[in-house]
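So in the numbering used here, spot 42 of the sequence shown is number 474, and the numbers just go up one at a time. Backbone N, C-alpha and C fix where the C-beta goes; we use that ideal spot for every residue, glycine too. Predicted model only: the values in this text are computed from it and were never measured. Taking it in order: structure first as structure tokens, then the write-up.
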Amino acid sequence: DQDPAALGADVIAASKRAVDRRYALNPYLYTLFYRAHVNGSTVVRPLFHE
433 DQDPAALGAD VIAASKRAVD RRYALNPYLY TLFYRAHVNG STVVRPLFHE
């Protein structure tokens, strides 16, 4: 019941776009986590800390 293919072509296309975006962000997120590990910085922080 939760298979995207069973819900139609629009859902399949939206699922593919979501997965593509997720994988496109991986290098950025890996860099943030690496910097947080090495430098002790944070991955997510409020803008007023900038």
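In three-state terms, what does DSSP make of residue i?
i, result
"Thr463", "helix"
"Arg477", "coil"
"Ala435", "The residue you asked about is not Ala; residue 435 is Asp in the sequence shown. Coil."
Within its chain, find whatever has a CB closer than 6 Å to the CB of residue i; leave out the 5 residues flanking it on each side and keep chain order.
i, result
"Pro436", "Val443, Ile444, Ser447"
Going straight from the alpha carbon of residue i to that of residue j, what length do you get?
i, j, result
"Tyr455", "Ala468", "20 Å"
"Thr474", "Tyr462", "13 Å"
"Arg449", "Phe465", "24 Å"
"Asn458", "Leu479", "22 Å"
"Ala441", "Val476", "35 Å"
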